[in-house]
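The structure appears right after this line, and notes come after that.
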C-alpha cells in the first residue's frame, strides 16, 4: 500500500511539474509587414463563423483561466491547397470564460473584466484583425505569418498550422502558441508596465489555439 501511495504521489508531482513547465512557444513577433497578395487563379473561401473559434488560456501565480472568442468574418485565398492571402475579423465582444460555471457570478465578473478598459477595452476596440502576410515551411512545419491588430497596435506573428481542403471546405488548425499581450498594450497586472505588483501579477503570455473552417465563396 505504501509503495502504491508513493508511486501515485510521484506521478502527481511529475504531472504538476510538466504542466507548469511545458508551456506553448511564443509566436515569433516582429514589426508589421506587407499583406500577401494572391494570384488570380486562387480560390476564395469564406470563414464559417459558426464553426470557427479561437481558444485562449491566461495564467497567473495561483492558476489559469480558459475560454473562447469568435471569428466574426473573413476570407482566405487558396492555390493548390496553399494559403496565399487572407483577412479575418475577430469579434472581441464574444469573449467567453469556460473554466468557471456559467451560473457562477465569478464567470460574469471575469468576462466583464476582460472586456473592460483594463484589458481589451471592447467598447472602444470591438474587433481585432489578422491579415495574412505569408506561408512558409520551417523546420518541417508550415508557418503562417500575419499582422495581428488589437487596441490599435499591430505586430506580425508567425505560428505553426496545418491546413487541408476537402471539396468546398478548407480547414486550418494551429498548434497552441502564445502571444505577449504587453506588445498590444494590454497593461492590467503586467510586470512589463508595473513594478509593484508582488504576487498579484498576471502573466503577459496568453495561449491561443485557432480552429478555422471556411467554405468556397
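In mature numbering (1 follows the signal peptide of the UniProt record, and there is no 0), the protein residues as written are -24 to -1, 1 to 193. Note that CB positions come from ideal geometry on N, CA and C, so glycine has one too. Fair warning: this is a prediction, and the values are worked out from it, not measured in the lab.
Distance between residue j and residue i (C-alpha atoms, nearest Å)
i: residue 112; j: residue 56; result: 14 Å
i: residue 84; j: residue 18; result: 43 Å
i: residue 115; j: residue 183; result: 22 Å
i: residue 119; j: residue 143; result: 23 Å
i: residue 157; j: residue 163; result: 8 Å
i: residue 175; j: residue 154; result: 21 Å
i: residue 137; j: residue 117; result: 8 Å
i: residue 63; j: residue 169; result: 31 Å
i: residue 145; j: residue 58; result: 13 Å
i: residue 87; j: residue 31; result: 14 Å
i: residue 15; j: residue 141; result: 18 Å
i: residue 139; j: residue 93; result: 35 Å
i: residue 3; j: residue 171; result: 25 Å
i: residue 5; j: residue 80; result: 36 Å
Option in the options with minimal Cα separation from residue i
i: residue 48; options: 98, 26, 182; result: 26
i: residue 189; options: 21, 14, 1; result: 21
i: residue 51; options: 65, 43, 41; result: 65
i: residue 191; options: 15, 147, 4; result: 147
i: residue 271; options: 18, 30, 36, 16; result: The chain is shown only over -24 to 193; residue 271 falls outside these bounds and no answer can be derived.
i: residue 159; options: 137, 149, 123, 33; result: 123
i: residue 67; options: 94, 15, 45; result: 45
i: residue 210; options: 177, 179, 171, 152; result: Residue 210 lies beyond the range of the chain shown here (-24 to 193); nothing can be said about it.
i: residue 76; options: 40, 93, 102, 134; result: 40
i: residue 102; options: 94, 69, 7; result: 69
7 Å CB neighbourhood of residue i in its chain, flanking five on each side removed
i: residue 173; result: 165, 167
i: residue 125; result: 104, 105
i: residue 12; result: 60, 61, 108, 109, 110
i: residue 28; result: 47, 187, 188, 189
i: residue 90; result: 71, 96
Per-residue burial, residue i [other beta carbons within 10 Å of its own, 16 or more giving buried]
i: residue 100; result: exposed
i: residue 53; result: buried
i: residue 23; result: buried
i: residue 78; result: exposed
i: residue 38; result: exposed
i: residue 33; result: buried
i: residue -4; result: Caution is warranted here: a pLDDT of 45 is assigned to residue -4, below 50, making its placement in the model unreliable, and no coordinate value can be reported.
i: residue 193; result: exposed
Nearest-angstrom beta carbon gap, residue j and residue i [assumed within contact, 8 Å]
i: residue 82; j: residue 127; result: Not quite, the Cβ-Cβ distance comes to about 25 Å (not below 8 Å), so this is no contact.
i: residue 121; j: residue 134; result: 4 Å
Cβ neighbours of residue i in the same chain (closer than 6 Å, five flanking residues each side left out)
i: residue 74; result: 42, 43
i: residue 9; result: 109, 132
i: residue 129; result: 160, 161
i: residue 177; result: 165, 167
i: residue 179; result: 35
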